[in-house]
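Accompanying notes for the structure given below.
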Amino acid sequence: MAELSEALLSVLSTIRVPKAGDRVHKDECAFSFHTPESDGGLYICMNTFLGFGKQYVERHFQKTGQRVYLHLKRTRRLVEDNSATGDPPRKKPTRLAIGVEGGFDVTEEKFEYDEEVKLVLLPEHLQIPRDGLPELPDVVRDRVTGAITAILAADSASRKQEVQAWDGEVRQVSKHAFSLKQLEPATRIPPCGWKCSRCELKENLWLNLTDGAILCGRRYFDGSGGNNHAVQHYKETGYPLAVKLGTITPDGADVYSYDEDDMVLDPKLAEHLSHFGIDMMKMQKTDKTMTELEIDMNQRIGEWELIQESAVQLKPLFGPGYTGMCNLGNSCYLNSVMQILFSIPDFQRKYVDKIDTIFGKSPSDPTQDFNVQVAKLGNGLQSGEYSMPPPSSSNGEQSQSLQQKGQQDGIAPRMFKSLIGKGHPEFSTNRQQDAQEFFLHFINMVERNCRSSSNPSQVFRFLVEEKIKCLATEKVKYTQRVDYILQLPVPMDAALNKEDLMEYEVQKQQAEEEKLPLPELVRAQIPFSACLEAFSAPEQVEDFWSTALQAKSLAVKTTRFASFPDYLVIQIKKFTFGLDWVPKKLDVSIEMPDELDIGQLRAMGLQPGEEELPDIAPPPLLTPDEPKGSLGFCSNDEDDSFCSPHLSSPTSPILDEAVIIQLVEMGFPMEACRKAVYYTGNSGVEAAMNWVMSHMDDPDFGSPLVLPGSSGPGSTIAPADPPSEDGVATIVSMGFSREQALKALKVTANSLERAVDWIFSHIDDLDAEAAMDISEGGRSAADSVSESVPIGPKVRDGPGKYHLFAFISHMGTSTMCGHYVCHIKKEGRWVIYNDQKVCASEKPPKDLGYIYFYQRVDS
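Letter by letter, the sequence shown follows residues 187 to 1045 in my numbering.
Here it is as structure tokens:
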């Protein structure tokens, strides 16, 4: 004890008490997925509050010299099931949710924990248990005890960053809740025996909270439900809120706002019900909630059952490459994408094989380093260390039950998710996301962090050649762009089972008329070849600016592959917009081929006899018939009173601000809306919307508008002040040249944030040309970077023959809700990864996938 006391006294100044704002990493190692429950426990540095497993604590000591650590060891004990009946029956989901109580696939195993707390001093590994701290000298004891108490009491970093589980029941407070008018005299509502006042229905009844009318609800798509009398009542009276009778309990009820067209919360529900003599505290549930009804619909359709293969008992798999990932509530999209990426050798070589090098270069806070956290995730998935069968209990029954379910502890990617989503308007939230968008976001992050080293995302990168032919002159224009995903449209008119679909629609209509349940759902069966043909078919381009005519004309565009990637990613465009711009999902079955040959889509370039269109920039607004300055643009030597106040360049276009605002209010980026109005020549909101919808997938969709022939965004003048050296240094640190950094800052008015976005959206242009004058002496960027900057983007090329390697499936009605799983072909068999469950797949639903990954076949 004397030796330990003396040693602690010498390092007492390094022991800190966590303050507000300090992140205390007491749940997980910064370099691995070890927790206090792991062998060896977790060591928390009492200066930086970073956590380390036994394998990495010495590394931190050697790098920082920090000697004092709080050691946490937690032992989990499975609560024994004393019932003689074995496992209880599987609970039916009661919430439209994933990863929350009552939702789909909630693990209900219960555990108890024993915790051991010690103080450890490195490198001698001197230690003292928490109950031995009173024996320390007063000055040491007070400081150490205060720090330990604060660390144990502090919210862990993962708790602060933890997002809520996705829940389809999350609702907003109605705008009518606090100002709802209720008519006098009030109608007294009996506690039971309700019936629709306009028909004989006694189920699915709604009480209008303004006048007390009891009416039946909407008719569901399968013919069940009500006769729409509650909706009709709202249209006649305008009374907005109604509560579903039979769902009222002391905990709440289903409340619907017809005005807001959504399920809502009513904080004053008890008061509103008491107006009609209903005591909310005495009511009991007698009818299904809307969520329960929607779950029934999902299960009846069978998409969840088919994709998860939950109708059969699957064999669980454990070991390297078969590690599950915890669903953090809404992270199934992330889990599915990362499982597939780390099944690809290039990502394994980059992050797993070089993990020691990456960790050796880690900064002082490795939890905030991209390469460290990606390597940590990859190693966690591939090592097999976290893919173990559940521990045996005393009688072994619970352990066997968990193994049969395919359940394993797996890894929880909290640090990775927090870092990858940092600063992103969507991936930093707790909402469900589109797996395709996350894939592209992650690839973008890899690109940004691999500028000066090997880049595994090159396995997906390919060149697209677009050929536009002016029909008036027969002249052509060829352009190339980089892409990572082949997006295939779904031609519904190519369905193979049109007769069955038509018969289903007839039966559905008859069932609705006779108020009977709908027949079994019939999915449209679309051949994959039809999707490929729809992609490669010539596309008509209206109002194409022909540089040969110096006027608008009709053109056709064809798209081909200028290169074939090592791994071809195919997205089936199931998610689309209805006529009312409401997102919807196409319920289709597409039999994807196991072997794919797209060699016929190889681009051929300029053909003999073809004549290229002149390379001439179009006029500012593509409207040469308009007088200069009246509509197209304004210049400094004319009256600029008609110009928008934020447009000040010598030839700034006049853009219809009303149309821009309309588009922005629909949720599109400001710069994309400005470009839509510009490139459609102020032709109105419909033309601009069509431009937006057809260019949403462009890599520079949200980049600033750059006028033809200019060097910067149309809304700014190149700044007179030179770019700040701090901004230049920041961009250079990302792997770009000084000249490229200067150019990015110059065209974005010295805005560092915009410059970073701009440079990554124009990365291929910079690599290809870099020819802008950036100095007073007139020396071009090409003079200084020609030797170090490669010409054109790096792509791998080879035969266009592939075999199906993996696919991601989505269950639900839109990308904003639902659940993702993935199937990967490993060691000659298909494996399903459903968060923590990893099992051999019996019948992979290849026809219901959303994103497919094809691997090149070596010839």
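We put the beta carbon where it would ideally sit given N, CA and C, even for glycine. Just so we're clear, the structure is a prediction, and the values are computed from it rather than from any experiment.
What first and last residue would you give for the alpha helix (DSSP H) that runs through residue i?
i: F556; result: F556 to Q568
i: Y420; result: H415 to T423
i: E192; result: A188 to S196
i: K205; result: Run containing K205: none; DSSP gives neither H nor E here.
i: S522; result: C518 to L527
i: E872; result: V871 to H881
i: T443; result: The residue asked about is misnamed: residue 443 is Ser in this sequence, not Thr. No alpha helix (DSSP H) contains S443, which is instead part of the beta strand (DSSP E) from V441 to S443.
i: I846; result: E843 to E851
What number of angstroms, rounded off, separates the C-alpha of residue i from the C-alpha of residue j?
i: P703; j: A697; result: 6 Å
i: I334; j: R260; result: 16 Å
i: V359; j: V429; result: 14 Å
i: M466; j: V441; result: 13 Å
i: A206; j: I337; result: 12 Å
i: P713; j: M524; result: 29 Å
i: K421; j: N936; result: 54 Å
i: H1009; j: P677; result: 25 Å
i: I1018; j: K501; result: 10 Å
i: P890; j: A858; result: 8 Å
i: D1044; j: K1012; result: 18 Å
i: Q368; j: E302; result: 59 Å
i: V208; j: G318; result: According to the sequence displayed, residue 208 carries Asp and not Val. Cα to Cα, the separation comes out at about 27 Å.
i: D969; j: V933; result: Reliability fails at D969, whose pLDDT of 36 lies under 50, so the model's placement of it is uncertain and no value is given.
i: K1029; j: C1003; result: 25 Å
i: R746; j: V650; result: 6 Å
i: E851; j: G888; result: 15 Å
i: E706; j: K240; result: 57 Å
i: R788; j: F991; result: 22 Å
i: S1072; j: T659; result: A query on residue 1072 cannot be resolved here, the shown segment of the chain reaching from 187 to 1045 and no further.
Candidates the options: which alpha carbon is nearest residue i's?
i: R600; options: G609, P576, Q559 and Q568; result: Q559
i: A741; options: C859, K980, K655 and Y242; result: K655
i: R374; options: K980, H458, S639 and D440; result: H458
i: E310; options: V863, L190 and D539; result: L190
i: R860; options: I314, E851 and D842; result: D842
i: M127; options: N513, A873 and R357; result: Because residue 127 is not part of the residues shown, which for the chain are 187 to 1045, the question remains open.
i: P800; options: A789, N876, K603 and Q736; result: Q736
i: T916; options: P724, Y670, E925 and L938; result: L938
i: Y444; options: F462, E685, P453 and H415; result: H415
i: P453; options: F646, D225, G438 and E685; result: G438
i: V632; options: Y988, Q622, S638 and S643; result: S643
i: N516; options: T423, V326, A598 and E652; result: A598
i: F854; options: R746, N868, V878 and Y864; result: V878
i: Q499; options: K980, A1026 and L195; result: A1026
i: S775; options: Q666, A716, E725 and G791; result: A716
i: D1033; options: T999, F238, S995 and D686; result: S995
i: M882; options: Q534, F747 and L849; result: L849
i: A340; options: I314, I230 and I493; result: I230
i: A188; options: L990, P323, A216 and I784; result: P323
i: D773; options: L687, F887, T665 and H257; result: L687
i: K760; options: G1035, R637, L563 and S550; result: G1035
Per DSSP, which residues does residue i bridge with? Please list them.
i: N1020; result: K1023
i: T261; result: D300
i: A741; result: C656 and V727
i: H996; result: Y1006
i: L990; result: Y1040
i: F747; result: V650 and R788
i: R1015; result: K1012
i: T433; result: Answer by DSSP bridge pairing: none, since T433 is not bridged.
How is the beta strand (DSSP E) around residue i delimited, first residue to last?
i: H1009; result: H1005 to K1012
i: N394; result: L391 to N394
i: K932; result: Taken as a continuous stretch (DSSP letters only), K932 belongs to no beta strand (DSSP E), being part of the alpha helix (DSSP H) at R924 to V933.
i: M574; result: No beta strand (DSSP E) contains M574, which DSSP labels as neither H nor E.
i: I314; result: L312 to P315
i: T665; result: V662 to D669
i: Q673; result: L672 to L674
i: C402; result: I400 to C402
Closer than 6 Å to a non-hydrogen atom of the ligand ZN - does that hold for the CB of residue i?
i: T745; result: No copy of the ligand ZN occurs in the structure displayed, which carries no ligand at all.
Every unbroken alpha helix (DSSP H) inside the segment 692-725 [4 residues or more]: 714-722
Any chance you could list the beta strand (DSSP E) runs of at least 3 consecutive residues sitting entirely within the segment 223-253, in chain order? 228-231 and 237-239
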